[in-house]
Amino acid sequence: MIQAATKIDPQVAETIEQAFALNRQKQTDWSIEIMKTLAVKSPNIWHVQFCLALFLYRDGRFNESIKHGYLAVQLSPKSA
Numbered sequence: 156m157i158q159a160a161t162k163i164d165p166q167v168a169e170t171i172e173q174a175f176a177l178n179r180q181k182q183t184d185w186s187i188e189i190m191k192t193l194a195v196k197s198p199n200i201w202h203v204q205f206c207l208a209l210f211l212y213r214d215g216r217f218n219e220s221i222k223h224g225y226l227a228v229q230l231s232p233k234s235a
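Numbering (my numbering), first residue to last: 156 to 235.
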C-alpha cells in the first residue's frame, strides 16, 4: 500500500499495512492504537504521522488529527 518516492523501513511499512487492514475491518480503535505506538517509536517518519492523522480524522477525532497532519506536512512538505 505504501508507494512513496522515499523508502521506509519494511517493518514500519508492515505495521502500517496491519493498521489499514484493521481499519478496513472497522476496528478503527485498534488501528489508531497501533499507529500511536508506531508514532512514539518513529516520530520522524511522515508516513506514520499521516496515517495516524487519517485514522483519527476518519474516527471523527478532528482536533487530535490536526497535530499529526501538521507533523506529516512538516516532515515532508512535497509529499503533502
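Ideal Cβ positions, reconstructed from N, Cα and C, are used throughout, including at glycine.
- Just measuring C-alpha positions, the residue of Y225, Y212 and N199 sitting nearest D164 is N199.
- The three-state secondary structure of P165, taken from DSSP, is helix.
- Rounded to the nearest whole angstrom, the CA to CA distance from S231 to T192 is 20 Å.
- Collapsing the DSSP output to three states places N199 in coil.
- Around the C-beta of A176, fewer than 16 other C-beta atoms lie within 10 Å, and the residue is accordingly described as exposed.
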